[in-house]
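Below is one structure, written out as structure tokens, with a few remarks after it.
Numbering (the numbering used here), first residue to last: 245 to 362.
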């Protein structure tokens, strides 16, 4: 999707700046954040309202689709923890035999609230 492509493009641009400028960069991915002051048009609130009213819930994709929901307080805790441990360059990184799991570019992505690895 265009939305997903824009997110990936943003991460690639951040990684490029991180590598070229040795600029510590950390990307955070949030998944369907909910909590007080949440948008009433979100699925979580629509489902809850229907359940409490005894109304049927619209289910798509034969009910096989899964969604990750993250409570706002968990997002805040995750952001604070990431800020407490900034990205750092890996001193053992070698451009002769680069390890894709590490880099001399101080760059990280955290998947906050999702159960899928990045």
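Glycine residues also receive a C-beta, built at the ideal position from the N, C-alpha and C atoms.
Any idea what DSSP makes of residue 279, helix, strand or coil?
coil
Three Cβ pairs or more, each shorter than 8 angstroms: is that satisfied between the stretch 315 to 322 and the stretch 265 to 285?
yes
Can you give me the C-alpha to C-alpha distance between residue 314 and residue 277, rounded to a whole angstrom?
5 angstroms
Taking just the CA atoms, how far does residue 245 sit from residue 305?
17 angstroms
Report the three-state DSSP secondary structure of residue 322 (helix, strand or coil).
In this structure, residue 322 counts as helix in the three-state DSSP scheme.
Nearest-angstrom Cα separation, counted from residue 329 out to residue 300:
45 angstroms
Around the C-beta of residue 262, are 16 or more other C-beta atoms found within 10 angstroms, so that it is buried, or is it exposed?
buried
So residue 294 and residue 311 are in contact, right, with Cβ under 8 angstroms, and what is the actual spacing, rounded?
With 8 angstroms as the limit, residue 294 and residue 311 do not qualify as a contact, their Cβ atoms being about 16 angstroms apart.
Would you say residue 331 and residue 268 are within 7 angstroms of each other, going by their C-beta atoms?
yes
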